[in-house]
Amino acid sequence: MVEIRNNLLDRIAEAEREGWLGEIEGLRVSLGDAEAKISQLDSAEPAAPVSLGLPRPRRI
25 MVEIRNNLLD RIAEAEREGW LGEIEGLRVS LGDAEAKISQ LDSAEPAAPV SLGLPRPRRI
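The opening position of the sequence shown corresponds to residue 25 in the working numbering, with each subsequent residue numbered one higher.
Written as structure tokens, this is what we have:
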């Protein structure tokens with residue numbers, strides 16, 4: 025998700041250099057969503073380990 029955010033920042037900078045005003049607004053909306061998701065993931069409690077049991081050979 026951080027990689028996506030960084031890519032969006034690069035794309036916003038490119039759009040600003042090129043004067044793509046319509047593109048900038050859409051990218052900023054996506055950036056806000058990505059930052060919200062990163063914040064959500066950072067504040068989430070770590071999940072407890074899940075026991076998968078021991079593997080057993082199949083009966084044929």
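Built from N, CA and C at the ideal position, the CB exists for glycine as well.
All values derive from a computational prediction rather than experimental measurement.
About 16 Å separates the beta carbons of I48 and E59, which is beyond the 8 Å limit, so they are not a contact pair. Nearest Cα to M25 within the set G56, E42 and G50: G56. Classified as buried, I36 has 16 or more neighbouring CB atoms from the shown chains inside 10 Å of its CB. Contact between L32 and L51 holds: their C-beta atoms lie close to 6 Å from each other, under 8 Å.
Rounded to the nearest angstrom, the Cβ distance from I62 to R83 is 47 Å, too far for a contact under 8 Å.
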